Amino acid sequence: MALFSVFTAASGFTDSPLTFSIMRFIAGLGIGGVLPICTAQMGEFSPLKVRTRLVTIVFAGYSVGGILVALTGKQLIESYGWQYVFYVAVLPVVLIPFILKSMPDSIGFMLKQGRQDELKIIARRLRPDLVITDDTQLVGNPQVISAQDKPVRSLFLEGRGYSTVMIWMAFMTGLFMVYALNSWLTKLMAMAGFSLGSALNFVIVFNLGSIFGAILGGWLSDKFSIKHVLVVFYVVGAVALTLLGYTRSTELLFVVVFIVGASTLGTQLLAYAYAGDFYPSTIRSTGVGFASGVGRVGAIVAPVLIGALVSMALPLEQNFMAIALAGLVGAVAVTMINQSRSDSAVVRKKATVAHELT
1 MALFSVFTAA SGFTDSPLTF SIMRFIAGLG IGGVLPICTA QMGEFSPLKV
51 RTRLVTIVFA GYSVGGILVA LTGKQLIESY GWQYVFYVAV LPVVLIPFIL
101 KSMPDSIGFM LKQGRQDELK IIARRLRPDL VITDDTQLVG NPQVISAQDK
151 PVRSLFLEGR GYSTVMIWMA FMTGLFMVYA LNSWLTKLMA MAGFSLGSAL
201 NFVIVFNLGS IFGAILGGWL SDKFSIKHVL VVFYVVGAVA LTLLGYTRST
251 ELLFVVVFIV GASTLGTQLL AYAYAGDFYP STIRSTGVGF ASGVGRVGAI
301 VAPVLIGALV SMALPLEQNF MAIALAGLVG AVAVTMINQS RSDSAVVRKK
351 ATVAHELT
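Next comes the structure, spelled out in structure tokens:
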């Protein structure tokens, strides 16, 4: 958070494209690390039956930030200049002391440090059905400890290799859609004849839709298979993006943009939850981090590719269809994931076996 806030604010003080790019790169390292850590922490400290719902609610904050930027960005630029959009990014620094005080370390980290008293407090909260006395000694699973020593390799062990690659593909396509829209939605709406103010309203509606999509996806995933829910979201995203190019009514366009937000950015937020659900806690941060990192390929390619299409003066419909294709590829990738290798499936299977033996 410190990297992201400080170096985003520093971007406003730059006077050349090179230094601006360096500041944005370093800031990107910060935000790129925050998301996997949040996913891992929420997954580790959430009950299995509501894990996805809680993770997606946390990630809805990403979209709330997007709304705040859209609401304040235009006023800041017009009143003070573009630099102030970056200056205000330093404000989250004030939250760091609160986060340091209230956010717990991971269970694996506390086990390594031998912090038994803290672990017992957490264990009693997570599993009130267990009898944990002051004399109880909490230890780590040997297989878990082994995985912690080789987290990257463990992404491809125990039958997870192929699914890991498919998760990476899903992230690439999801981030492709998100960054294509983040970079070009305003421009594409302007090409359709809308003013800057109206185009920014579409950005607000887009982010509102993503909040709804993330929360709805989390709720559905706790009721049904998260894999199937994610596939449906990718398909809905592809269909909604295609419709976006053909919708002419302004009122209906806002509805379609809302659905696009729910099924693109909302889908990507759900994908983070799915990756956190798929990997065991020992390699969850690594798994989500690698998926997010590899997925950035889609984030890098999207603005360049859509920009090239825009420069070719293609019909608006074809620009949105190009983005929609990524949704179909993402749906196929998620379909190919072996859900039986996921951490949640393994945990449920063990619980079923234990219940049958009692």
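The UniProt record's numbering applies: residue 1 is where the sequence shown begins, and numbers increase by one. By construction, the Cβ of each residue, glycine as well, lies at the ideal position given by its N, Cα and C atoms. Since this is a predicted model, take the numbers as computed values, not measurements.
Do Ala271 and Phe212 count as a contact pair if the criterion is CB distance below 7 Å? Here residue 212 is taken as the residue at index 212 of the sequence shown, counted from 1. Here residue 271 is taken as the residue at index 271 of the sequence shown, counted from 1. Their beta carbons are not under 7 Å apart, which means Phe212 does not touch Ala271 by this criterion.
Can you find a C-beta in chain B that's less than 7 Å from the C-beta of Ser340? Annotation note: the requested chain B is absent from the structure, which comprises a single protein chain.
Given a cut-off of 7 Å on the beta-carbon distance, is the pair residue 363 and Gly61 in contact? Outside the displayed span of the chain (1 to 358) sits residue 363, for which this structure offers no information.
In whole angstroms, give me the CA-to-CA distance for Ser292 and Tyr279. Here residue 292 corresponds to residue number 292 of the sequence shown, with the count starting at 1. Here residue 279 corresponds to residue number 279 of the sequence shown, with the count starting at 1. So the two alpha carbons sit approximately 14 Å from each other.
Nearest to Met321 by alpha carbon, out of Val239, Val332, Gly174? Within the sequence shown, the letter at position 321 stands for residue 321. Considering only alpha carbons, the answer is Val239.
To the nearest angstrom, report how far apart Ser79 and Ala2 are at their CA atoms. Here residue 79 refers to the residue found at position 79 of the sequence shown. Here residue 2 refers to the residue found at position 2 of the sequence shown. So the alpha carbons of these two residues sit roughly 27 Å apart.
Would you decide whether Tyr246 is buried or exposed? Buried here means 16 or more other CB atoms lie within 10 Å of its CB. For the purposes of this step, residue 246 is identified with residue 246 of the sequence shown, where counting begins at 1. Classification for Tyr246: exposed.
Specify, as a first and last residue, the run of the alpha helix (DSSP H) that Gly174 falls within. Here residue 174 refers to the residue found at position 174 of the sequence shown. That run of the alpha helix (DSSP H) goes 161-191.
Inter-residue spacing [alpha-carbon to alpha-carbon] between Val123 and Asp134: Translated into positions along the sequence shown, residue 123 becomes position 123. Translated into positions along the sequence shown, residue 134 becomes position 134. The question names Val, but residue 123 in the sequence shown is Ala. Distance between the alpha carbons of Ala123 and Asp134 is about 12 Å.
Return helix, strand or coil for Asp134, following the three-state DSSP convention. Position 134 of the sequence shown, counted from the first residue, corresponds to residue 134. Coil.
Are the Cβ atoms of Ala275 and Gly287 separated by less than 7 Å? Sequence index remark: in the sequence shown, residue 275 carries index 275 (1-based). Sequence index remark: in the sequence shown, residue 287 carries index 287 (1-based). Yes. Within cutoff.
Using the beta-carbon count (16 or more within 10 Å), is Arg125 buried or exposed? On the sequence shown, residue 125 is found 125 positions in, with the first residue counted as 1. Looking at its Cβ environment, which holds fewer than 16 other Cβ atoms inside 10 Å, Arg125 is exposed.
Segment limits, alpha helix (DSSP H) that includes Arg53: Sequence index remark: in the sequence shown, residue 53 carries index 53 (1-based). Unbroken alpha helix (DSSP H) run through Arg53: 51-79.
May I ask which residues mark the beginning and end of the alpha helix (DSSP H) holding Ala2? Translated into positions along the sequence shown, residue 2 becomes position 2. Segment 2-11, the alpha helix (DSSP H) holding Ala2.
Where does the unbroken alpha helix (DSSP H) through Asn319 begin, and where does it stop? Taking the sequence shown and counting its residues from 1, the one referred to as residue 319 is at position 319. Asn319 -> alpha helix (DSSP H) spans 316-335.
Hey, out of Leu185, Leu244, Tyr234, whose CA is closest to residue 363's CA? With the chain covering 1 to 358 only, the question about residue 363 has no answer from this structure.
Are the CB atoms of Ala302 and Ala180 within a distance shorter than 7 Å? Locating residue 180 in the sequence shown gives position 180, where the first residue counts as 1. Locating residue 302 in the sequence shown gives position 302, where the first residue counts as 1. Going by C-beta atoms, Ala180 is nearer than 7 Å to Ala302.
Between which two residues does the alpha helix (DSSP H) harbouring Glu251 extend? Taking the sequence shown and counting its residues from 1, the one referred to as residue 251 is at position 251. It spans 250-263 - the alpha helix (DSSP H) in which Glu251 sits, taken as one unbroken run.
Please report how far the alpha carbon of Trp184 lies from the alpha carbon of Ala199, in whole angstroms. Counting from 1 along the sequence shown, the entry for residue 184 is found at position 184. Counting from 1 along the sequence shown, the entry for residue 199 is found at position 199. Cα to Cα, Trp184 sits roughly 11 Å from Ala199.
DSSP three-state assignment for Arg153, whether helix, strand or coil: Locating residue 153 in the sequence shown gives position 153, counting from the first residue. Here Arg153 sits in helix by DSSP.
Give me the Cα-Cα distance between Thr8 and Arg24, rounded to the nearest whole angstrom. Position 8 of the sequence shown, counting from 1, holds the residue named residue 8. Position 24 of the sequence shown, counting from 1, holds the residue named residue 24. Going by the C-alpha atoms only, they are around 6 Å apart.
Locate the alpha helix (DSSP H) running through Ser292, then write down its first and last residues. Position 292 of the sequence shown, counting from 1, holds the residue named residue 292. Counting along the chain, the alpha helix (DSSP H) containing Ser292 begins and ends at 284-311.
Buried versus exposed, by CB contacts within 10 Å (16 or more), Ile77: Here residue 77 refers to the residue found at position 77 when the sequence shown is read from its first residue. When all chains shown are included, Ile77 counts as exposed.
Nearest to Val6 by alpha carbon, out of Val93, Ser311, Asn338? For the purposes of this step, residue 6 is taken as the residue at position 6 of the sequence shown. Checking every option, the nearest Cα to that of Val6 belongs to Val93.
Locate the alpha helix (DSSP H) running through Ala240, then write down its first and last residues. In the sequence shown, counting from the first residue as 1, residue 240 sits at position 240. Residues 226-244.
Sequence-distant residues of its chain with Cβ nearer than 8 Å to Leu269 (five each side left out): Sequence index remark: in the sequence shown, residue 269 carries index 269 (1-based). For Leu269, where only same-chain residues beyond five positions count, the Cβ hits under 8 Å are Thr56, Phe59, Ala60, Tyr62, Ser63, Ser210, Gly213, Ala214, Gly217.
Pairs of beta-carbons, one from the region 323-341 and one from the region 218-238, closer than 8 Å: are there three or more? yes
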